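**Student:** All the letters of the sequence shown, read from the start, carry residue numbers 1269 to 1350 under the working numbering. By construction, the Cβ of each residue, glycine as well, lies at the ideal position given by its N, Cα and C atoms. All of these numbers come straight from a predicted model, not from anything done at the bench.
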Amino acid sequence: MICFWMKGVNYQMNKNPVVSSITYLQAHFARLFMERHNLDVKDFLDLNRKKDILGFLRLGYEPFHLTGDEGVLEELDAYVYS
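#1: Expressed to the nearest angstrom, what Euclidean distance is found between the alpha-carbon atoms of Met1302 and Asp1314?
#2: Under three-state DSSP, which class holds His1333?
#3: Suppose you measure from the CA of Phe1297 to the CA of Glu1338; what does that come to, to the nearest Å?
#4: If you draw a straight line from the C-alpha of Lys1318 to the C-alpha of Tyr1329, how long is it?
#5: Name the residue from Val1348, Tyr1349, Glu1343, Arg1326 whose alpha carbon lies nearest to the alpha carbon of Thr1291.
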């Protein structure tokens, strides 16, 4: 298991390449989403508890990893704020 930090949040990446790819995608878009909406880690985690943002990204991994950042962020905004 490999660990890395994203703005104070510990993420663990399994050595399984699919799990690692999903975890990387979640961390990448969590960071971009926080920057886009000026959220700190606590605010993001609170929102994630309510809306399961990381679960949404995990379920959407197949189309999201083939989509550009802006497209995924638009999907996240629609999911979270609708």
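**Tutor:** Concretely, from the data shown:
#1: 12 Å
#2: coil
#3: 10 Å
#4: 20 Å
#5: Arg1326
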